[in-house]
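Each protein sequence line maps, in turn, to chains A and B. Throughout, the working numbering is defined as the position within the first sequence, counted from one, plus 51. Throughout, the working numbering is defined as the position within the second sequence, counted from one, plus 51. Glycine is no exception: its CB is placed at the ideal position from the N, C-alpha and C atoms. The structure presented is a predicted model; accordingly, all values stated were derived computationally and were not measured. Here the structure is laid out as structure tokens; the discussion comes afterwards.
Protein chains: 2
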Amino acid sequence: MKQDSDLATQRIEFGQRIKRLRGEKGWTLTDLSERTGLAISTISKAERGIIALTYDRLGQLAHGLEVDMSAFFTDAGKGFARGSFAIARKGDFQRQETDNYVYEMLFSDTWNKSMLPMMGTLKARELYQFEDFVRHSGQEFLIVLDGKVTVHLEGREAVNLEQGDAIYFDSGMGHLYASNGDNDARILVVCQSADAVAAPRND
Amino acid sequence: MKQDSDLATQRIEFGQRIKRLRGEKGWTLTDLSERTGLAISTISKAERGIIALTYDRLGQLAHGLEVDMSAFFTDAGKGFARGSFAIARKGDFQRQETDNYVYEMLFSDTWNKSMLPMMGTLKARELYQFEDFVRHSGQEFLIVLDGKVTVHLEGREAVNLEQGDAIYFDSGMGHLYASNGDNDARILVVCQSADAVAAPRND
DNA sequence: AGACAAATTTTCCAATCGGAAAATATTTAA
DNA sequence: TTAAATATTTTCCGATTGGAAAATTTGTCT
Numbered sequence: 052m053k054q055d056s057d058l059a060t061q062r063i064e065f066g067q068r069i070k071r072l073r074g075e076k077g078w079t080l081t082d083l084s085e086r087t088g089l090a091i092s093t094i095s096k097a098e099r100g101i102i103a104l105t106y107d108r109l110g111q112l113a114h115g116l117e118v119d120m121s122a123f124f125t126d127a128g129k130g131f132a133r134g135s136f137a138i139a140r141k142g143d144f145q146r147q148e149t150d151n152y153v154y155e156m157l158f159s160d161t162w163n164k165s166m167l168p169m170m171g172t173l174k175a176r177e178l179y180q181f182e183d184f185v186r187h188s189g190q191e192f193l194i195v196l197d198g199k200v201t202v203h204l205e206g207r208e209a210v211n212l213e214q215g216d217a218i219y220f221d222s223g224m225g226h227l228y229a230s231n232g233d234n235d236a237r238i239l240v241v242c243q244s245a246d247a248v249a250a251p252r253n254d
Numbered sequence: 052m053k054q055d056s057d058l059a060t061q062r063i064e065f066g067q068r069i070k071r072l073r074g075e076k077g078w079t080l081t082d083l084s085e086r087t088g089l090a091i092s093t094i095s096k097a098e099r100g101i102i103a104l105t106y107d108r109l110g111q112l113a114h115g116l117e118v119d120m121s122a123f124f125t126d127a128g129k130g131f132a133r134g135s136f137a138i139a140r141k142g143d144f145q146r147q148e149t150d151n152y153v154y155e156m157l158f159s160d161t162w163n164k165s166m167l168p169m170m171g172t173l174k175a176r177e178l179y180q181f182e183d184f185v186r187h188s189g190q191e192f193l194i195v196l197d198g199k200v201t202v203h204l205e206g207r208e209a210v211n212l213e214q215g216d217a218i219y220f221d222s223g224m225g226h227l228y229a230s231n232g233d234n235d236a237r238i239l240v241v242c243q244s245a246d247a248v249a250a251p252r253n254d
């Protein structure tokens, strides 16, 4: 059997979170039903982890509860919580390789971080075989540790950075990095993924 | 009105977000299928907004894509103006000096950033004259560019980091850095400032 | 204690999801 | 160009969700 229990556990935790949110507002199932447009029975079952709501219903539920959907998932229990820390030694970064670059995700096994730091190596001489700009939510910070790098931002002129230079930009703009010198370039990138930003606790 | 089209629209946007995440990693449906345990057809349909995934599948998908679930829901870059960027040249960091260390704030004139990158120099052999732990909200990332650094986290044992090592922690725990070698140490710190991140919903 | 009202859970079934495999579509090779 | 390989979409159908209403539980009076 698969790790059914794992999924079930998640569902139950999710349900309890919903129930707590409803409780905080002092609403009954009927109240919430009216606000969300979901059937009472559906909410009841969801709160007890009997069913797994679909994306659509999750959206309605969030709207009715007047919370952002991420409130359902940023969970004060596991992952990167208050008072936690993680160390990444030079060696044990998790390596990921694509045609154009190699990057190592730091702390890839730590969840719920609000920042995603990565070390990257941009191969020299790779002329722009790049398919397309990269685009994602959040903000991004890049500093050149070694070599020369050209940063392409969609609709802007290319920016040349030398060792020690840095750039900060909205990750929503199409972006692309390439080594610009004779050698490989070494960069450090930190993405801020709008998710999982430490939620204030209630105590 | 039971805005059906609204739900459909949301689903489609969701699907496109998934597809982009997959694209960024250069994965095929088959790749992602293996990483998530979901059927290829399921992912295909989800990406096109044909079906609304359940909570369970969303969890598997997030795990496979190595993102936090809330990444699926939070829309693109808020706060920091969309389409903006800023460059900091090696020279023109704004220097700030204290007894124990020197640090240079990058992009100090750029508002609304959700991350605060700083370069720091920790003077050698400054024995711990430190007053007190530093504490603030958010999360913090530190990487040692040069030298040896000891990171003190309140209530924990001190952590020794060498060049290339990194640490990620909740800024709420009292923290403190010091050089640990014979020479000055050079570090890069990125703080995630909880403000300017949360954004209201618009509907 | 009762009766009544309100909140929650169960039941039943239509609608929808999700997986395996077949059918297309797209890319790569020759 | 055709053939082979790879990637994606469709089809089919069993499994699960989600809603309406009935059944049950939990309160709240008197």
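C-beta contact flag for residue i and residue j at 9 Å
i	j	result
G115 of chain A	L167 of chain A	no
G215 of chain B	V202 of chain B	no
I69 of chain A	A103 of chain A	no
L204 of chain B	F220 of chain B	yes
L173 of chain B	G198 of chain B	yes
L212 of chain A	L193 of chain A	yes
F123 of chain A	M170 of chain B	no
Environment of residue i [buried if 16+ CB atoms lie within 10 Å]
i	result
Q243 of chain A	buried
A90 of chain A	exposed
W100 of chain B	A small correction: the amino acid at residue 100 of chain B is Gly; Trp does not occupy that position in the sequence shown. Burial call: buried.
A113 of chain A	buried
N234 of chain A	exposed
K76 of chain A	exposed
Q61 of chain A	buried
A209 of chain B	exposed
R108 of chain A	buried
E191 of chain B	buried
G74 of chain A	exposed
Test: residue i CB closer than 9 Å to a CB of chain B
i	result
K70 of chain A	no
L116 of chain A	no
A217 of chain A	yes
V200 of chain A	no
R73 of chain A	no
Q61 of chain A	yes
R67 of chain A	According to the sequence shown, residue 67 of chain A is Gln rather than Arg. So, not an interface residue.
S95 of chain A	no
S165 of chain A	yes
Residue-chain proximity (residue i, chain A), Cβ-Cβ < 9 Å
i	result
I194 of chain B	yes
R86 of chain B	no
A127 of chain B	Confidence at A127 of chain B is low in this model, with a pLDDT of 37, below 50, so the placement of that residue is unreliable and no value is reported for it.
L43 of chain B	Because residue 43 of chain B is not part of the residues shown, which for chain B are 52 to 254, the question remains open.
L227 of chain B	no
L83 of chain B	no
**Prompt:** Listed from N- to C-terminal order along the chain, which residues in the stretch 99-113 of chain A have their beta-carbon within a distance smaller than 9 Å of any beta-carbon of chain B?
**Reply:** I102, A103, L104, T105, Y106, D107, R108, L109, G110, Q111 and A113
**Message:** Quick check: the stretch 86-101 of chain A against the stretch 87-105 of chain B, are at least 3 beta-carbon pairs closer than 8 Å?
**Reply:** no
**Item:** Residues within the stretch 229-241 of chain B neighbouring chain A, beta-carbon criterion of under 8 Å
**Value:** L239 and V241
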